[in-house]
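Under UniProt numbering, residue 403 is the last one in the sequence shown; the count climbs by one each step, no gaps.
Beta carbons: idealized from backbone N, C-alpha and C, even for Gly.
Quantities reported herein were computed from a predicted structural model and do not represent experimental measurements.
Comments concern the structure below.
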Amino acid sequence: MQNQLIEPVEVDKIIGEVSLNLKIEEVDLVHSLGRTLAEDIFADRDFPPFHRVAMDGVGIHSSQLGKTDKIFEVEGVQAAGSPQLTLENRENCLEVMTGSVLPLNAEVVIPYEWTEKVEGGVKILDFKNAQMMSNVHQKGSDKAEGEVLIKAGKEISSSEIGILATVGKSKVKVFVRPKIAVIATGDELVGVDDTPNDYQIRMSNCYSLKATLSENGFDSEIFHLTDDKEELLIKIKNIKEQFDVLVFSGGVSKGKFDFLPEVFESLGIKKQFHGVKQRPGKPFWFGKSDKQVVFALPGNPVSTYLCSNRYMIPWLNSQLKKEKYLPSKAILDKDFKFNKPLTFFLQVETFYKEDGLLYANPISGGGSGDLAKLSAANAFIELNAEVNEYKKGQQYTVWFYKK
């Protein structure tokens, strides 16, 4: 039976309605790097928590601003990490160190560079337009107590580690990473270290898929299955019991040995769609069972690459509540023709011109099997199916797969 092709926008909708319902676990702060936050992180107090001195110098009362003809008696030194001192006499000053709390009654910090030590104290040579709270990082000016510092869905980097430590989060709630299997199918495939016969090729899609997943923070395990229906049934059943997401490359087109859709049905994996009105990637198959989600991507390298970056990675990110990826817009730098009633994802190399706008230069290739051209390009530009001539200077949606 002929599969009904759907539009890319329908793919987004169908995939977007499927959820893994990932669990949440608590990990030590020191082991949270690269994980995805499953909770909002709030300021446990004002940031900074006190009026913090921003430069080494002297702290004075604002009533003394502009007085270059007097000597300020030094009452003491306010060190970082020490309890707040009080400026007892507003005619005097206190030496203050960077990072220390601003002394009580001191309202302005004058850097040492603007002062001179003299007998009996300190003389201020130049106030340089200093005013109330100059050179002071004021309490709560960054964030007030209770404000959100980091939203759930943020991947934890070294900067987030610092914030988590600052608010006392020695344990962090993160999403459990989905278990992902990358499965290459086909008798024509041999290992990377093997010497292929004239009728064989080395496996590449599974490695590019694994790398794509790794680039986006997802671990995966690679499998290779032959085009034997019984073997597929047994081995996929076993893999299915161990993983949350199964990503296939090949075996979903119309060839006599493309058994995957039939095997999926036997294993209770329900088809959500099979076939998309697009090129490359037209035979894309997607389905789900009670606990697993299956992306069965066409075996041609460019098709695999497109479908994984355009659909699979955004969906996986959404499962971790990551900020939704919004594609960019780029201006086509050359005329292009495509005479099929399909959305065409054209490989392009993007660049900026002097006008500050993003442009896309088409990379000519040999079709969906031309793996080499993926290295020359850095994105796919999405050309809608309504027309077949795309003019230089028109703007279209662009999906990056390289940064």
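If you look at Leu85, you'll find it isn't in any beta strand (DSSP E); DSSP assigns it neither H nor E. A distance below 6 Å between beta-carbons, with the five flanking residues on each side excluded, links Val108 to the following residues of its chain, in chain order: Ile60, Ser62, Ala130, Ser134.
In the three-state reduction of the DSSP assignment, Pro111 falls in the strand class. Ranked by Cα distance from Pro48, the options Ile14, Val18, Ala144 are led by Ala144.
Boundaries of the alpha helix (DSSP H) harbouring Leu164: 158 to 166, taken from the DSSP string.
For Lys151 and Asp228, the gap between their C-alpha atoms comes out near 47 Å. In terms of Cβ geometry, Thr350 and Leu357 do not form a close pair [threshold 8 Å].
A direct Cα-to-Cα measurement between Lys270 and Val294 gives close to 9 Å. Counting along the chain, Gln242 sits inside no alpha helix (DSSP H), nor does DSSP assign it H or E at all.
Counting other Cβ atoms within 10 Å of its Cβ, Gln347 reaches 16 or more and is therefore classed as buried. Sequence-distant Cβ neighbours of Val174 in its own chain, meaning closer than 8 Å and more than five residues away, are Ile24, Glu25, Glu26, Val27, Ser32, Arg35, Thr36, Leu37, Ala38, Ile156. Excluding five sequence positions before and after Pro103, the CB atoms of its chain that fall closer than 8 Å to its own CB belong to Gly59, Gln78, Gln84, Leu85, Thr86, Leu87, Leu94, Val96, given in chain order. Every alpha helix (DSSP H) of 4 residues or more that sits fully in the segment 172 to 218 is shown, in chain order, as 205 to 215.
CA-CA distance, Ser214 to Phe284, rounds to 22 Å. The residue from Asp12, Gly57, Gly99 with its alpha-carbon nearest to that of Asp126 is Gly57.
Out of Ser249, Gln278, Lys13, the CA that lies nearest to the CA of Thr343 is found in Gln278. Of the other Cβ atoms in all chains shown, 16 or more fall within 10 Å of the Cβ of Leu383; this residue is therefore buried. Distance from the CA atom of Lys13 to the CA atom of Ile6, rounded to whole angstroms, is 11 Å.
In the DSSP annotation of this structure, the continuous segment of the beta strand (DSSP E) that includes Gln272 starts and ends at 270 to 274. By DSSP's assignment, Gly121 forms a beta bridge with Val118. The beta carbons of Ile183 and Ile239 sit closer together than 8 Å. Separation of the CB atoms of Val118 and Ile163 is rounded to 44 Å, and the pair is thereby denied contact status at 8 Å.
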